[in-house]
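**Q** Shown below is the structure under consideration.
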Amino acid sequence: MGVTEQGLLERDKDTMTLNMGPQHPSTHGVFRVVLEMDGEIVRSAEPDIGFLHTGIEKTAENKRYVHCIPMTDRLDYLSPPQNNLAFCLTVERLLGLKELPARADYLRVIMCELGRIGSHLVWLGTHALDIGAMTVFLYAWREREMILDLNEMISGVRMMTSYIRVGGVAKDATPQWLDGVRKFIDHVPAKIDEYESLLTNNPIWLDRTRGIGTMTKEDALNWSMSGPVLRASGIDWDWRKKRPYSRYDEFKFDVPTQDHGDVYDRYLVRMEEMRQSREIIKQALDNLPDGPYKIEDNKVSLPPRDTLHTSMESLIHHFKLVSDGVKVPKGSAYVPTEGARGEVGFYIVSDGSNTPYRMKLRAPSFMAIPGMCKMMEGSFIADVVAIIGSIDIVMGEVDR
Amino acid sequence: MGLMDEAVDNVETEINNLKLNAKEALDQLGAEFSGAVYDSILTTKLGKVVGWAQKNALWPATFGLACCAIEMMAMANSRWDSARFGAEVFRASPRQADLMIVSGRVSQKMAPVLKRIYNQMPEPKWVIAMGACSSCGGIFNNYAIVQGVDRVVPVDVYVPGCPPGPEALLYGVIKLQEKILKEAGSEKARQRVA
Amino acid sequence: MTNEEIKEQLEATFGDAITHAEVSPHGECVIRVAVEQLSAVMEDLKQNKDFDYLSQITGVDYLEQDREPRFDVVYELFSLTKDRHIRVHVGLPEDEPTIPSVYHLWRGADFPERELFDMFGFNVTGHPNMKRLIMPEGWEGHPLLKDYPLTVEEIAFSHNPDHKSELIKTQEDVKADPWA
Numbered sequence: 001m002g003v004t005e006q007g008l009l010e011r012d013k014d015t016m017t018l019n020m021g022p023q024h025p026s027t028h029g030v031f032r033v034v035l036e037m038d039g040e041i042v043r044s045a046e047p048d049i050g051f052l053h054t055g056i057e058k059t060a061e062n063k064r065y066v067h068c069i070p071m072t073d074r075l076d077y078l079s080p081p082q083n084n085l086a087f088c089l090t091v092e093r094l095l096g097l098k099e100l101p102a103r104a105d106y107l108r109v110i111m112c113e114l115g116r117i118g119s120h121l122v123w124l125g126t127h128a129l130d131i132g133a134m135t136v137f138l139y140a141w142r143e144r145e146m147i148l149d150l151n152e153m154i155s156g157v158r159m160m161t162s163y164i165r166v167g168g169v170a171k172d173a174t175p176q177w178l179d180g181v182r183k184f185i186d187h188v189p190a191k192i193d194e195y196e197s198l199l200t201n202n203p204i205w206l207d208r209t210r211g212i213g214t215m216t217k218e219d220a221l222n223w224s225m226s227g228p229v230l231r232a233s234g235i236d237w238d239w240r241k242k243r244p245y246s247r248y249d250e251f252k253f254d255v256p257t258q259d260h261g262d263v264y265d266r267y268l269v270r271m272e273e274m275r276q277s278r279e280i281i282k283q284a285l286d287n288l289p290d291g292p293y294k295i296e297d298n299k300v301s302l303p304p305r306d307t308l309h310t311s312m313e314s315l316i317h318h319f320k321l322v323s324d325g326v327k328v329p330k331g332s333a334y335v336p337t338e339g340a341r342g343e344v345g346f347y348i349v350s351d352g353s354n355t356p357y358r359m360k361l362r363a364p365s366f367m368a369i370p371g372m373c374k375m376m377e378g379s380f381i382a383d384v385v386a387i388i389g390s391i392d393i394v395m396g397e398v399d400r
Numbered sequence: 401m402g403l404m405d406e407a408v409d410n411v412e413t414e415i416n417n418l419k420l421n422a423k424e425a426l427d428q429l430g431a432e433f434s435g436a437v438y439d440s441i442l443t444t445k446l447g448k449v450v451g452w453a454q455k456n457a458l459w460p461a462t463f464g465l466a467c468c469a470i471e472m473m474a475m476a477n478s479r480w481d482s483a484r485f486g487a488e489v490f491r492a493s494p495r496q497a498d499l500m501i502v503s504g505r506v507s508q509k510m511a512p513v514l515k516r517i518y519n520q521m522p523e524p525k526w527v528i529a530m531g532a533c534s535s536c537g538g539i540f541n542n543y544a545i546v547q548g549v550d551r552v553v554p555v556d557v558y559v560p561g562c563p564p565g566p567e568a569l570l571y572g573v574i575k576l577q578e579k580i581l582k583e584a585g586s587e588k589a590r591q592r593v594a
Numbered sequence: 595m596t597n598e599e600i601k602e603q604l605e606a607t608f609g610d611a612i613t614h615a616e617v618s619p620h621g622e623c624v625i626r627v628a629v630e631q632l633s634a635v636m637e638d639l640k641q642n643k644d645f646d647y648l649s650q651i652t653g654v655d656y657l658e659q660d661r662e663p664r665f666d667v668v669y670e671l672f673s674l675t676k677d678r679h680i681r682v683h684v685g686l687p688e689d690e691p692t693i694p695s696v697y698h699l700w701r702g703a704d705f706p707e708r709e710l711f712d713m714f715g716f717n718v719t720g721h722p723n724m725k726r727l728i729m730p731e732g733w734e735g736h737p738l739l740k741d742y743p744l745t746v747e748e749i750a751f752s753h754n755p756d757h758k759s760e761l762i763k764t765q766e767d768v769k770a771d772p773w774a
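Residue numbers (our numbering), protein chains in the order written: chain L, 1 to 400; chain W, 401 to 594; chain Y, 595 to 774.
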């Protein structure tokens, strides 16, 4: 920068550079975005990620498949069962498992939908908090505590359950847990109505979110948006409906879409998704089939413990599975699933051994960030916060 | 004339010596008084009062990195209310905070940022390493994660867990409060400020 | 158009460039393209076959399997308007891993291509902002290559105190930092 005759610094550009993050209350994790500001208006936004890079993909190349599952929990840490499910579905496709027992699929669906509601509650609480509505933050966590208690009841861990395993689920559902889930779904609709009553027709909320961060249909497709962001822009695509997995085609639920593609529409889509998730859980509970909770092929899932005392075969299978792990045939597969944020999937390349050769997470937040930064162009600085909240990024899966 | 010069030299040397001694004496006094609050006659008692005040108003800086941040938010919420222990507001600006809860895995790219935020906090300041990843690298022993945040900042309390439940983190905060009270009025507390 | 028809049309248009094509039993259409014809095939997929959604771009390093070419880049494409799927594999040689960008076709390729450079060292030509994405700017090496070490650290216990002193040495390096 040069100096003028009067001793003032010369401007080398017209815009002011404002650094937002990585430590910032509204960036939803360690996300950094460098904004070029022209007064209050953002001219360009350049994202800088990698502050939470954990090397999970490289670490997974040295770990057995069952050891990768707890690591997948920590990718999208707001809805861990979804990551587990995406991973297990891909491994099961590589293994060639045609179908799992119905009870296993239903339990997986219940856990994933509970995870989806939990994730949307965090989204709602933090998004509203960023925009200024602090009450919703406290209310959303109240319901989330119920979900975390259910997680703890069935798997022992509040958040990172690692409940969904290759071949089924880890443990059977107890009657107490099923009661707890039923209590939760009886309690929740009134609460979602409560959140809506606070926000949906609130003039401040409407002013802060309507018309902000709009993305057209074509742009949303081109910038690889998925999940609620895509549906809020008008594209009716939900992987649970279009490529059903885990018996989702046996459930009746709607997929909400909106037209404008702004922050308010994404809010409406996610609120409705919470209601639809509750519907799915209700149907799963009402029709929960009896039977085994994991596949009975002992080369893939552990044999029942009581048979270990009597059957030599069970003992050997147990030993091989615990010491060596499941051996997956050579090949590569990718199974897209519908996560809370969009399309979650693992591209796994297997070389025939008991560790993945390459495990790559397709993270919806990772693909959404460039599109999000495009949305920020031309908006006010206060809208940047609203936009980041509406895309609902979680840095664990962005940086992996 | 020679005698006068000698006398002048002697007087000058004496004055210089006196100046040097005075400077040393003043330095010593200064060192003692930099932790002024701790050095009055009622050192221990007053120090304890100050320690009690500090521990009951620990304001954390928002330093949520990863999954542990969600449990930290849960600790701040209504079920495990941390406000009743004094951690009322999570200050976004490190300049207004005195406690940094490092919640989450610290990557190589984030470590300099962490150090910078720590430096921006005014003294006295404390650090809680929340979770396995910030205590020791956790389940990620690889090129990307700093194996323990105590390689970057000094840590007072380690809270294990992956993630630790809000009750565990709250216990960690309470233990930190006990630590502050125990150290209050002593040399250790003075070193935190000096 | 079913996946079978897409596969046949592509083979008809591009002939030799498509070295391998199949439709898996799960309905996944997988083709392998030579890197020289990649841009043409991608244009065709986007403009004529309505593949409007790029799901992801992955890189794979086949060093341990002694495969020629050493690297693979995998594009996962969907058509959300017409409900189609195709996976495109491109092999890249070890000495010259250069690949043309598809940013001009799908803006969603922005981050994945930067990640290819960052994690594997591929040279993606035609990308507007080719910089390191996930690793810090001055990082040397490309972590996801198979010959890059995982850098596992031995844990210091009381019975191997030598390791502890080595750990203390790393703290000195941190102290040399002027911001410390």
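Quick reminder that beta carbons are idealized off the backbone N, C-alpha and C, glycines included.
Could you give the distance in angstroms between the alpha-carbon of residue 504 of chain W and the alpha-carbon of residue 646 of chain Y?
**A** The residue labelled residue 504 of chain W in the question sits at position 104 within the second sequence. The residue labelled residue 646 of chain Y in the question sits at position 52 within the third sequence. Straight-line Cα distance between these residues: approximately 37 Å.
**Q** Would residue 59 of chain L count as contacting chain Y if we go by Cβ distances under 8 Å?
**A** Position 59 of the first sequence holds residue 59 of chain L. So, interface residue.
**Q** Under three-state DSSP, which class holds residue 615 of chain Y?
**A** Along the third sequence, read from residue 1 onward, the residue named residue 615 of chain Y stands at position 21. Looking at residue 615 of chain Y - three-state DSSP - the assignment turns out to be strand.
**Q** Quick one, which of L/43, L/166, L/230, L/171 has its alpha-carbon nearest residue 14 of chain L's?
**A** Your numbering for residue 14 of chain L matches position 14 in the first sequence. That would be L/43, whose Cα lies nearest to the Cα of residue 14 of chain L.
**Q** Could you tell me how far apart the beta carbons of residue 262 of chain L and residue 180 of chain L are, in whole angstroms, since I believe they sit closer than 8 Å?
**A** Here residue 262 of chain L refers to the residue found at position 262 when the first sequence is read from its first residue. Here residue 180 of chain L refers to the residue found at position 180 when the first sequence is read from its first residue. About 37 Å; that fails the 8 Å criterion.
**Q** When you compare the stretch 278-285 of chain L with the stretch 370-388 of chain L, are there three or more beta-carbon pairs, one atom per stretch, that lie closer than 8 Å?
**A** Contact between the stretch 278-285 of chain L and the stretch 370-388 of chain L is absent, because fewer than three Cβ pairs lie under 8 Å.
**Q** What residues of chain W sit near residue 613 of chain Y, judged by a beta carbon separation below 7 Å?
**A** Reading the third sequence from its first residue, position 19 is the one you call residue 613 of chain Y. None at all; the shortest Cβ gap to chain W is about 35 Å.
**Q** For residue 686 of chain Y and residue 693 of chain Y, which I take to be in contact (beta-carbon distance under 8 Å), what is that distance rounded to the nearest angstrom?
**A** As a position in the third sequence, residue 686 of chain Y is number 92, starting the count at 1. As a position in the third sequence, residue 693 of chain Y is number 99, starting the count at 1. Indeed they touch by this definition, with Cβ atoms about 6 Å apart.
**Q** May I ask you to report which of helix, strand or coil DSSP gives residue 6 of chain L?
**A** Within the first sequence, the letter at position 6 stands for residue 6 of chain L. Reduced to three states, the DSSP call for residue 6 of chain L is coil.
**Q** Which of helix, strand or coil does DSSP assign to residue 438 of chain W?
**A** The residue given as residue 438 of chain W occupies position 38 in the second sequence. Note on residue 438 of chain W: pLDDT 46, under 50, position unreliable in the model; the coordinate value appears next. Helix, per DSSP.
**Q** Would you be able to state if there are at least three C-beta pairs under 8 Å between the stretch 532-549 of chain W and the stretch 46-59 of chain L?
**A** The stretch 46-59 of chain L, when compared against the stretch 532-549 of chain W, does touch it at the 8 Å Cβ threshold.
**Q** Is any beta-carbon of chain W found at less than 8 Å from that of residue 122 of chain L?
**A** By one-based count along the first sequence, residue 122 of chain L stands at place 122. Yes, contact with chain W.
**Q** Flag residue 423 of chain W as yes if its beta-carbon sits less than 8 Å from any beta-carbon of chain Y, otherwise no.
**A** On the second sequence, residue 423 of chain W is found 23 positions in, with the first residue counted as 1. It does not: the Cβ of residue 423 of chain W has no partner Cβ on chain Y nearer than 8 Å.
**Q** Just how far apart, CA to CA, sit residue 470 of chain W and residue 89 of chain L?
**A** The count along the second sequence starts at 1 and reaches residue 470 of chain W at position 70. The count along the first sequence starts at 1 and reaches residue 89 of chain L at position 89. Looking at the two C-alpha atoms, the distance is approximately 27 Å.
**Q** Note the first and the last residue of the continuous alpha helix (DSSP H) segment covering residue 521 of chain W.
**A** Within the second sequence, the letter at position 121 stands for residue 521 of chain W. Note, residue 521 of chain W: premise wrong, no alpha helix (DSSP H); not H, not E.
**Q** Could you give the first and the last residue of the continuous alpha helix (DSSP H) run that contains residue 375 of chain L?
**A** Numbered from 1 along the first sequence, position 375 holds the residue referred to as residue 375 of chain L. Taken as a continuous stretch (DSSP letters only), the alpha helix (DSSP H) holding residue 375 of chain L covers 364-376.
**Q** Under a CB-based cut-off of 8 Å, is residue 746 of chain Y close to chain W?
**A** Position 152 of the third sequence, counted from the start, is the residue given in the question as residue 746 of chain Y. So yes, residue 746 of chain Y belongs to the interface.
**Q** If I'm right that residue 702 of chain Y touches residue 224 of chain L with Cβ under 8 Å, what's the distance once you round it to whole angstroms?
**A** Within the third sequence, numbered from 1, the residue matching residue 702 of chain Y stands at position 108. Within the first sequence, numbered from 1, the residue matching residue 224 of chain L stands at position 224. Right, their Cβ atoms sit about 3 Å apart.
**Q** Mind listing the chain L neighbours of residue 701 of chain Y? Cutoff is C-beta to C-beta under 9 Å, in chain order.
**A** One-based indexing of the third sequence puts residue 701 of chain Y at position 107. Residues of chain L passing the Cβ test: 219, 222, 223, 224, 370, 371, 374.
**Q** From the DSSP output, in three-state form, read off residue 402 of chain L for me.
**A** This structure cannot settle anything about residue 402 of chain L, because the visible part of chain L is limited to 1 through 400.
**Q** Please check if any C-beta of chain W sits within less than 8 Å of the C-beta of residue 51 of chain L.
**A** Indexing the first sequence from 1 puts residue 51 of chain L at position 51. Yes, because at least one Cβ of chain W sits closer than 8 Å to the Cβ of residue 51 of chain L.
**Q** Check the Cβ-Cβ distances between residue 730 of chain Y and every residue of chain W, and say whether any is below 8 Å.
**A** Your numbering for residue 730 of chain Y matches position 136 in the third sequence. Taking Cβ atoms only, chain W reaches closer than 8 Å to residue 730 of chain Y, which makes this a yes.
**Q** Tell whether a beta-carbon distance below 8 Å holds between residue 454 of chain W and residue 495 of chain W.
**A** Reading the second sequence from its first residue, position 54 is the one you call residue 454 of chain W. Reading the second sequence from its first residue, position 95 is the one you call residue 495 of chain W. Contact: no.
**Q** Please name the residue, chosen from L/291, L/238, L/49, L/256, that lies closest to residue 508 of chain W on a Cα-to-Cα basis.
**A** Taking the first residue of the second sequence as 1, we reach residue 508 of chain W at position 108. Ranking the options by Cα distance to residue 508 of chain W, first place goes to L/49.
**Q** Is it buried or exposed for residue 206 of chain L, if we count other Cβ within 10 angstroms and need 16 for buried?
**A** Here residue 206 of chain L refers to the residue found at position 206 of the first sequence. Classification of residue 206 of chain L: exposed, given that the 10 Å Cβ count is below 16.
**Q** Which chain L residues are close to residue 620 of chain Y, counting only those with a beta carbon under 9 Å from its beta carbon?
**A** Along the third sequence, read from residue 1 onward, the residue named residue 620 of chain Y stands at position 26. Within chain L, the residues near residue 620 of chain Y are 93, 333, 335.
**Q** Alpha carbon to alpha carbon, how far is residue 480 of chain W from residue 522 of chain W?
**A** Residue numbering aside, residue 480 of chain W sits at position 80 when the second sequence is read from its first letter. Residue numbering aside, residue 522 of chain W sits at position 122 when the second sequence is read from its first letter. Cα to Cα, residue 480 of chain W sits roughly 28 Å from residue 522 of chain W.
**Q** What is the residue span of the beta strand (DSSP E) that residue 468 of chain W lies within?
**A** Along the second sequence, read from residue 1 onward, the residue named residue 468 of chain W stands at position 68. Unbroken run through residue 468 of chain W is the alpha helix (DSSP H), 467-476; no beta strand (DSSP E).
**Q** Provide the residue span of the alpha helix (DSSP H) that contains residue 279 of chain L, from first to last.
**A** Here residue 279 of chain L corresponds to residue number 279 of the first sequence, with the count starting at 1. Note, residue 279 of chain L: alpha helix (DSSP H), 263-286.
**Q** Could you list which residues in chain L have their beta carbon closer than 7 Å to that of residue 648 of chain Y, in chain order?
**A** Sequence index remark: in the third sequence, residue 648 of chain Y carries index 54 (1-based). By Cβ distance, chain L contributes 224.
**Q** Let me check understanding here. Comparing Cα to Cα, which of L/18, L/294, L/118 lies closest to residue 35 of chain L?
**A** As a first step, residue 35 of chain L must be located in the first sequence, where it is residue number 35. Considering only alpha carbons, the answer is L/18.
**Q** Using DSSP's beta-bridge definition, name the partner residues of residue 500 of chain W.
**A** Translated into positions along the second sequence, residue 500 of chain W becomes position 100. Per DSSP, W/461, W/527.
**Q** Under three-state DSSP, which class holds residue 208 of chain L?
**A** Along the first sequence, one-based indexing puts residue 208 of chain L at 208. Note: residue 208 of chain L maps to helix in three-state DSSP.
**Q** Measuring alpha carbon to alpha carbon, tell me which of W/565, W/502, W/524 ends up nearest residue 549 of chain W.
**A** Indexing the second sequence from 1 puts residue 549 of chain W at position 149. When only C-alpha atoms are compared, the closest one is W/502.
**Q** Using a Cβ cut-off of 8 Å (strictly closer), state whether residue 727 of chain Y contacts chain L.
**A** Translated into the one-based positions of the third sequence, residue 727 of chain Y becomes position 133. Yes, its Cβ sits closer than 8 Å to a Cβ of chain L.
**Q** Output the distance between the C-alpha atoms of residue 631 of chain Y and residue 704 of chain Y, rounded to the nearest integer angstrom.
**A** Along the third sequence, one-based indexing puts residue 631 of chain Y at 37. Along the third sequence, one-based indexing puts residue 704 of chain Y at 110. Near 21 Å, if we compare the C-alpha coordinates of residue 704 of chain Y and residue 631 of chain Y.
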